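Report on one structure; see the data block that follows.
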Ligand SMILES: Nc1ncnc2c1ncn2[C@@H]1O[C@H](COP(=O)(O)OP(=O)(O)OP(=O)(O)O)[C@@H](O)[C@H]1O
Ligand SMILES: [Mg+2]
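Residue numbers (the numbering used here): 1224 to 1609.
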């Protein structure tokens, strides 16, 4: 405005010229405002497109080679290679997620190995010892012979010229100490203990069971001497049925991989494989063939003497009154498993606490048995609640 006023007021052309100039500038301004509006819109559109690009479901691939100008060669999971664009910086070997439509790389994924290894529970030293296991002396001795000996002294087998049994399968009803036994074994034999649970693998890693089995065996070899414990193995090694659903096919693939890993395993003793199941009846016979899980160890329901020992284990740290008779308790709990006996001991302790007692007496144990184990009418089988 100042500059306009500063111009001497000359009538005629000069004024007109300036007015025209103002109009021009106003129009230019409007044009720019429109462009600005359009560009803002475009940014918004691109942002939402980018968001769409990044949203699931995405394809997974592995970066093979980096070319110039954000161009990358990617190998997809089915083996085909693609030349794609990348929105981020990547390196060869990275696992990446790509948009389904145009295969643009939108993000980098964690290394597959790290993710899989998380599925296995690597316990270097479990806290359980053989002293915590009641009444399975024969099983403990057998396990020591076929697991500990080859781990500690592989040369003994080499000298004689035989391979120690490859896989050991513990089987028997629930709650009788299979998992407990293997934990104690891992502690005593000073090997790395790797535990995977079959039912969890099937649930958490749908579609990847076979890959996972492969990685876990690799891990076991890396951490040798090690004990690879596959608990609840029936979830991945059930008898192969007619494949009717995708889920069945998936379980079958996992089983095939497990068999392949077992067959490819020739180390003398550095890695021991132990499986456990309470459903040996549904296992695929292929898994029990020589050279696979070829040593079966039964972990049965405890008999009277074993029950007494289990009572001993679980009352070891309890303050017991003089009248407590573990022999009698063992006699009374015919048919109970180890887990139930443990529950009886805990419950007896709870009764004592409720009564404000300083020690746990026979009375509390009897009440606990009544609470944990409900007997049926005479002549019928007992029913147990845990
Ligand atoms: N023989 C035993 N001695 C001492 N405690 C036992 C024994 N058996 C079972 N228990 C107790 O019961 C708990 C459960 O046992 P464990 O998990 O070993 O059973 P399992 O045989 O593996 O059962 P599942 O087939 O259901 O997996 C143990 O943590 C332990 O406290
Ligand atoms: Mg178990």
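Where is the CB? At the ideal position from N, CA and C, for every residue including glycine. These numbers come from a predicted model, not from an experiment.
For residue i, report the span of its alpha helix (DSSP H) as first-last.
i            : result
residue 1555 : 1549-1555
residue 1245 : 1236-1277
residue 1439 : 1432-1445
residue 1426 : 1421-1427
residue 1377 : 1377-1383
residue 1570 : 1561-1577
residue 1367 : No alpha helix (DSSP H) holds residue 1367; DSSP gives it neither H nor E.
residue 1533 : 1527-1538
residue 1405 : 1401-1411
Which stretch, first to last residue, makes up the beta strand (DSSP E) that contains residue i?
i            : result
residue 1488 : It is not in any beta strand (DSSP E) - residue 1488 carries neither H nor E in the DSSP assignment.
residue 1330 : 1328-1332
residue 1308 : 1304-1308
residue 1321 : 1318-1321
Examine ligand 2 and report whether any of its heavy atoms sits within less than 6 Å of the Cβ of residue i.
i            : result
residue 1569 : no
residue 1500 : no
residue 1406 : no
residue 1401 : yes
Does the beta carbon of residue i fall short of 6 Å from some heavy atom of ligand 1?
i            : result
residue 1357 : yes
residue 1397 : yes
residue 1538 : no
residue 1565 : yes
residue 1561 : yes
residue 1533 : yes
What are the partner residues of residue i, as DSSP defines its beta bridges?
i            : result
residue 1289 : 1295
residue 1498 : 1392 and 1453
residue 1520 : 1393
residue 1514 : Residue 1514 is not bridged to any residue.
residue 1461 : 1506
residue 1592 : Residue 1592 is not bridged to any residue.
residue 1543 : 1583
residue 1282 : 1321
Return yes when the Cβ of residue j is within less than 7 Å of the Cβ of residue i, no when it is not.
i            : j            : result
residue 1520 : residue 1451 : no
residue 1303 : residue 1351 : no
residue 1493 : residue 1562 : no
residue 1236 : residue 1276 : no
residue 1455 : residue 1421 : yes
residue 1524 : residue 1396 : yes
residue 1532 : residue 1398 : no
residue 1553 : residue 1527 : yes
residue 1284 : residue 1321 : yes
residue 1394 : residue 1503 : yes
residue 1499 : residue 1581 : no
residue 1323 : residue 1282 : yes
residue 1424 : residue 1435 : yes
residue 1372 : residue 1412 : no
residue 1583 : residue 1541 : yes
residue 1505 : residue 1462 : yes
residue 1404 : residue 1356 : yes
residue 1297 : residue 1307 : yes
residue 1570 : residue 1595 : yes
residue 1485 : residue 1515 : yes
residue 1567 : residue 1591 : yes
residue 1534 : residue 1564 : yes
residue 1286 : residue 1315 : yes
residue 1460 : residue 1386 : no
residue 1518 : residue 1349 : no
residue 1362 : residue 1522 : yes
residue 1391 : residue 1419 : no
residue 1480 : residue 1437 : yes
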